[in-house]
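Structure record follows, encoded as structure tokens.
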Amino acid sequence: MDDESVIARDRGAMTGGMPPGRAHGRLADEVYDTLLGQLMSLRIEPGSRVTIDVLARELGVSQTPIRDALNRMEAEGLVVRVPHAGYRIPPQITRHRFEDMLEIRLLLEPAAARRSAERASLPQVDGLRRMLEEMAELEGGNGPTAYGAFGLRDAAFHDLVALSAENQIIRETLARLHSHVHLFRLHHDTQVTHLAMAEHEEVVAAIAARDPDAAAYAMRRHILRSGERFRRLFDEVKDADGMAAEA
2 MDDESVIARD RGAMTGGMPP GRAHGRLADE VYDTLLGQLM SLRIEPGSRV TIDVLARELG
62 VSQTPIRDAL NRMEAEGLVV RVPHAGYRIP PQITRHRFED MLEIRLLLEP AAARRSAERA
122 SLPQVDGLRR MLEEMAELEG GNGPTAYGAF GLRDAAFHDL VALSAENQII RETLARLHSH
182 VHLFRLHHDT QVTHLAMAEH EEVVAAIAAR DPDAAAYAMR RHILRSGERF RRLFDEVKDA
242 DGMAAEA
């Protein structure tokens, strides 16, 4: 199994039923990927209720893989268990948590990019390039589903950089943040995808050139610029709330 398969077993499972004939463990993974895709595409909205029996009927599977997937998502903070009422999708990320998350990413991801430039194998560099090609195909897509699919690929891209850095602790820490899930749920903005693509290309070019300083710099600049883009969304919400209070 190649690196991209390790990162994302089936990132294309954004909506719809599950493929038939899967083993139980594999099926639970696919349910997880499907639910994650629905979160990213806002098909499951923040604050909405999620129940095991409804999901089982919708996806055409038994309740066991649904329960396994939701337990995993609860442990990762993607859903919240409500006693006697199933699960609920948490509200959008707060400004404070966003800033904390950005600080952690600035500490870890430039270091991962630096190590990737030093350690990435040729197949891993090729994998990063293929990931960019897939994201370019999604860049012009319309609607929240296409935007969510881009967000999943964006997460997979950053994960592949961390994987090629050969530092499992950094990779696991970044994965637990689920930063891309939270950020891409904030707002559907195609400008975000366009700008991210150019910044990703700079990161890959530096890794392919075996230039650790340039890779670290490109990644740091990408995260800072991404932070500025998403920070504006919080400012827009704050301004809108202020205007509503004055009305």
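Heads up: take any position in the sequence shown, counting from 1, add 1, and you land on my numbering. Using N, Cα and C, we set each Cβ at its ideal position, and we do this for glycine too. These numbers come from a predicted model, not from an experiment.
Under 8 Å by Cβ, that's how I've got residue i and residue j pegged, so tell me the actual separation to the nearest angstrom.
i: leucine 107; j: valine 205; result: Going by Cβ atoms, the distance from leucine 107 to valine 205 rounds to 19 Å, so no, they are not a contact pair.
i: glutamate 202; j: histidine 223; result: No, glutamate 202 and histidine 223 are not in contact; Cβ-Cβ is about 10 Å, not under 8 Å.
i: alanine 249; j: alanine 166; result: Coverage of the chain is limited to positions 2 through 248, which leaves residue 249 absent and any answer about it impossible.
i: arginine 73; j: valine 81; result: With 8 Å as the limit, arginine 73 and valine 81 do not qualify as a contact, their Cβ atoms being about 14 Å apart.
Bridge partners for residue i per DSSP, in chain order?
i: arginine 1; result: No answer is possible for residue 1: it lies beyond the span of the chain, which begins at 2 and ends at 248.
Tell me whether residue i is buried or exposed, calling it buried when 16 or more other Cβ atoms sit within 10 Å of its Cβ.
i: valine 51; result: buried
i: histidine 195; result: exposed
i: tyrosine 148; result: buried
i: valine 55; result: exposed
i: glutamate 104; result: exposed
i: glycine 22; result: For glycine 22, the predicted model reports a pLDDT of 46, less than 50, meaning its position is unreliable; a value from the coordinates is still stated below. Glycine 22 comes out exposed.
i: serine 42; result: buried
i: threonine 95; result: exposed
i: arginine 116; result: buried
i: proline 124; result: exposed
i: alanine 274; result: The structure shown does not extend to residue 274, since the chain is modelled only from 2 to 248, so the question has no answer here.
i: arginine 172; result: buried
i: isoleucine 170; result: exposed
i: glycine 38; result: buried
i: aspartate 101; result: exposed
i: methionine 2; result: Residue confidence for methionine 2 is low, a pLDDT of 48 falling below 50, so the modelled location carries little weight; the figure read from the coordinates is stated next. By the 10 Å Cβ count, methionine 2 comes out exposed.
i: aspartate 160; result: buried
i: glycine 26; result: exposed
Alpha carbons only, please: which of the options is nearest the one belonging to residue i?
i: proline 91; options: Leu79, His85 and Arg68; result: Leu79
i: phenylalanine 158; options: Arg186, Ile170 and Ile208; result: Ile208
i: alanine 197; options: Asp214, Arg154, His97 and Gln93; result: Arg154
i: alanine 86; options: Arg131, Ser49, Asp101 and Ala137; result: Ser49
i: valine 62; options: Ser122, Pro47 and Leu28; result: Leu28
i: serine 227; options: Glu110, Ile170 and Glu75; result: Glu110
i: arginine 230; options: Val193, Glu138 and Ala113; result: Val193
i: aspartate 30; options: Arg58, Thr65, Glu46 and Glu59; result: Thr65
i: glycine 128; options: Glu119, Glu167 and Val162; result: Val162
i: phenylalanine 235; options: His97, Ile53, Ile171 and Asp214; result: His97
i: aspartate 212; options: Leu60, Ala118, Arg82 and Tyr88; result: Ala118
i: leucine 60; options: Asp34, Val83 and Glu75; result: Asp34
i: alanine 150; options: Val32, Gly26 and Leu40; result: Leu40
i: valine 32; options: Arg172, Glu173 and Ile53; result: Ile53
i: alanine 210; options: Met102, Glu138, Val126 and Asp160; result: Val126
i: glutamine 93; options: Asn168, Ala57, Asp214 and Ile45; result: Ile45
i: glycine 256; options: Glu135, Asn168 and Arg233; result: Residue 256 is absent from the structure shown; the chain starts at 2 and stops at 248.
Are the C-beta of residue i and some C-beta of chain D separated by less than 8 Å?
i: alanine 216; result: Of the chains in the structure shown, none is chain D; there is only one protein chain.
Legend entry - the region 178-186 contacting the region 68-75, beta-carbon criterion three pairs below 8 Å: no
Legend entry - contact_flag[the region 163-182, the region 211-221] where n(CB pairs < 8 Å) is 3 or more: no
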